[in-house]
Each structure stands twice: as C-alpha cells, then as structure tokens.
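Just so you know, the protein sequences line up as chains X and W, in that order.
Using this note's numbering, read the first sequence as starting at 2 and increasing by one per residue.
Using this note's numbering, read the second sequence as starting at 2 and increasing by one per residue.
Read through the structure below, which is laid out as structure tokens, and then see the notes.
There are 2 protein chains.
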Amino acid sequence: MARKNFPDAPGVHSGGEGGLALGPEFRLTKQRREVFEVLTAQRDHPTATEVFVRVKERVPGISLATVYNCLETLTHSGLVRQVNLDRAPSRYCPNLQEHAHFHCESCGRISDVALQDPLALESALALPPGSQVHRTEIAISGVCPACVGGNDK
Amino acid sequence: MARKNFPDAPGVHSGGEGGLALGPEFRLTKQRREVFEVLTAQRDHPTATEVFVRVKERVPGISLATVYNCLETLTHSGLVRQVNLDRAPSRYCPNLQEHAHFHCESCGRISDVALQDPLALESALALPPGSQVHRTEIAISGVCPACVGGNDK
DNA sequence: TTTCTTAATTGGAATTGTTCTTGATAAAGA
DNA sequence: TCTTTATCAAGAACAATTCCAATTAAGAAA
C-alpha cells in the first residue's frame, strides 16, 4: 500500500540533545534538518509549498521535490504529522502529542486541540470488538473564538 | 471559500415517501437519483469513479463530470457525506447519522462507526472557550476484526 | 584523510483526482 | 408557447503530488 518501503515502526530514537534523531535507516541531511527547523520555528501548519518557501531562504538550492521527500521521511520517522483537512493541500505539524485539529472557516487558521482524555474518546466510539486501532484523526471545522468575537480577518 | 454559490444551509426537506428531497434550489434529475440510489444500494463508500461505473449500467450516457456534479449537489444538500481519508480519492457515504469512519489497512474497507455519545466527544476535546463547531470528522485507521482474525485480504 | 557504497537531492516530466468551460438540452414558470 | 434557468456532457485545464534518471553528498570502512 505504501509507495516506498518505509519500515513500519517510526524511528524516533530521541538522540543527542538538540540533534534530530531520524531512524537508523535515514540520514540526517542539511535539507531534512532545515525542513524540521522550519516546522518547529513556526507551528502554523504550513503546506509543503509554504515550507519550501521558508526553507529556501536558508537553503536556496533546495527543490520542492526534496521538501516533499523530507516531509515524507520526517512523517515516517514519526517526528512530524501530516494533517489532511478535506481535500486541501496537506499541512505539517511537529506536535507529537496526541491532538486534534481545529480549522477556522473564517480566518483559515489551523490550531491544535489537546485531547483531554484519549481513553474517553475510544469509549465514545462503537468500534466492533477486536478492532486494532493504529491512528485516530480528528478534524473540527468551525469558527475560532477570535473570529466569533468579530476580530474577523 | 466554496467554489460555487451553494446555500449555506443543507436542503434536506424529507419530502414525499421514498422520494428524494434535494433543497428547493435543486432539481431531482434522473442522474442525481441514480447516483443516490447507487450509494444507498451498496454502502461501501465508493469513490466517484466507482459510482460512475455503477451508475453507467443504468444510465449509459452519463459522464464522470456529471457524477462529480451530482455528488457535489447531494453533498451540499446534506443527503450524502464526502469522506476524505488522508490523500486518497474522496469517498461517498449516504449515512446521515453522526458517525466516524474506520479504515482497515489490511483489506482497505471503510466502515461506519457509530458515535455512542457525541457530547462525550466534545468534552474530551480541549476546545478554546467560545469556539463554534460546525462539523467534526473522525477517521480511524487500523485493522478490522476480520483481518485481525486472519481472514486477510 | 581518502575511498567506497548507498541513500538523498534535483529538476523536470508525468500522474491523478478533481474542477472548469462551453455549448447543447431539458425542465419550470409565465 | 415562450422564456428563463438549471443541468448535462465532453474534453481541456488545473494543482498537488509523485516519479524518473542523473548527480551529489552522508556515513562507514580502509
């Protein structure tokens, strides 16, 4: 199903301080490091193209294809989450806590929503017994408090 | 944000028995009826192309573009839900109950998961006070009981 | 360090699901 | 019937993403 043969398990090896730690299978290249930095520097869920623009300031020669590759690698390493809302371009998020995403239809911003009780969630779902859950994605659309208050756009 | 000017409110007017009821703005055409029938006849969350193939047996002249149009209209009328899982092609679902979707990574099937307590869900999310929620999408990936049991593929 | 091996990067072409455009048709209302 | 408007069909267009082949750079070994 996966296009390339990524290992099933994420390669988060929480290595040396500050240093990224991709799985042992992945090399830590300048491009990957910069892409990751961009994501952590501004946690606004940028698209691949937005990441591309930002990384380009520090690595002028980088190509969009490489940004896609890096994002894919980081995602498979478990360091980054790909966020898909409806059919919009994918966005990327370095928040590793389990959380949901809120999409404000007014200002377009996407924000993280903490999950107070991940267990309560599972029990709210009538999953057939025996199901194995690997991943749960929760996407909420609506209007954020700022926009409700009229601080619109 | 929406490409065409659909009314904001869904047009479910639960009309005459058995008969579909699109909003007053929409006509119930043969194509729309057949597309809807196909969705209710086999609730396996087909893609637009799959719907196209199925409808074509009964309306040979129909085009894929029309299927897309019908699905869009039905979705905006609130009779059908568009289901987006990751970046895969959209799928369509005539289940109007609030529910989540389970995607089996082994057999690929997508099944509906009832929400036992929609309120419990909201309270499990740490939404900033004042947020307006319009829609919540929950997508679970994993392995379904049948595939866990070895009835794989 | 230098070499060696293999993975990663590039740039452009290709793919894919979906949407748009245009003209023809058909239905609804006057 | 006449007019108006929505819908349909076919293909072109589009945008996000992926693929491809040649080049470059990491990290391991010598």
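Cβ atoms here follow ideal geometry from the backbone N, Cα and C, with glycine treated the same way.
Opposite residue i in the DSSP bridges: which residues?
i	result
Gly143 of chain X	X:Cys105 and W:Val134
Gln98 of chain X	Answer is none; Gln98 of chain X lacks a bridge partner.
Asp113 of chain W	W:His102
Arg82 of chain X	X:Cys94
Leu126 of chain W	X:Leu116
Thr48 of chain W	W:Arg92
Note down, in chain order, every chain X residue with its Cβ under 8 Å from the Cβ of residue i.
i	result
Leu128 of chain W	Phe103, Val114 and Ile141
Give the interface partners of residue i over in chain W, defined as CB-CB distance under 8 Å, in chain order.
i	result
Glu73 of chain X	Correct list: empty, because the minimum Cβ distance to chain W is about 12 Å.
Ser78 of chain X	What Ser78 of chain X touches in chain W: nothing, since even the nearest Cβ is about 18 Å away.
Gly62 of chain X	Per Cβ cutoff of 8 Å: no residues; Gly62 of chain X is ~27 Å from chain W at best.
What in chain W is Cβ-close to residue i, meaning under 9 Å?
i	result
Arg117 of chain X	In the sequence on display, residue 117 of chain X carries Gln and not Arg. Ser124, Ala125, Leu126 and Ala127, listed in chain order.
Could you tell me how far apart the beta carbons of residue i and residue j are, in whole angstroms, since I believe they sit closer than 8 Å?
i	j	result
Leu116 of chain X	Leu126 of chain W	7 Å
Ser132 of chain X	Gly143 of chain W	6 Å
Pro95 of chain X	Leu40 of chain X	4 Å
Leu23 of chain X	Thr74 of chain X	7 Å
So, are the CB atoms of residue i and residue j less than 8 Å apart?
i	j	result
His104 of chain W	Leu122 of chain W	no
His1 of chain W	Val84 of chain W	Examination of residue 1 of chain W is not possible in this model, given that chain W is present from 2 through 154 alone.
Arg92 of chain W	Ile111 of chain W	yes
Pro146 of chain W	Pro130 of chain X	yes
Val81 of chain X	Val68 of chain X	no
Glu35 of chain X	Val60 of chain X	yes
Cys71 of chain X	Gln43 of chain X	no
Leu128 of chain W	Val114 of chain X	yes
Starting from residue i, find everything on chain W with Cβ-Cβ shorter than 7 Å and list it in chain order.
i	result
Ala121 of chain X	Ala121 and Ala125
* **Interface residues of the segment 133-154 of chain W facing chain X [CB-CB below 8 Å]** => Taking 8 Å as the Cβ-Cβ cut-off, the segment 133-154 of chain W approaches chain X at Gln133, Val134, His135, Arg136, Thr137, Glu138, Ile139, Ala140, Ile141, Ser142, Gly143, Val144, Cys145, Pro146, Val149 and Gly150, given in chain order.
* Taking any Cβ of chain W, which residues in the segment 83-98 of chain X have a Cβ under 9 Å from it, in chain order? -> Closer than 9 Å at the C-beta level to chain W, one finds these residues of the segment 83-98 of chain X: Gln83, Asn85, Leu86, Asp87, Arg88 and Ser91.
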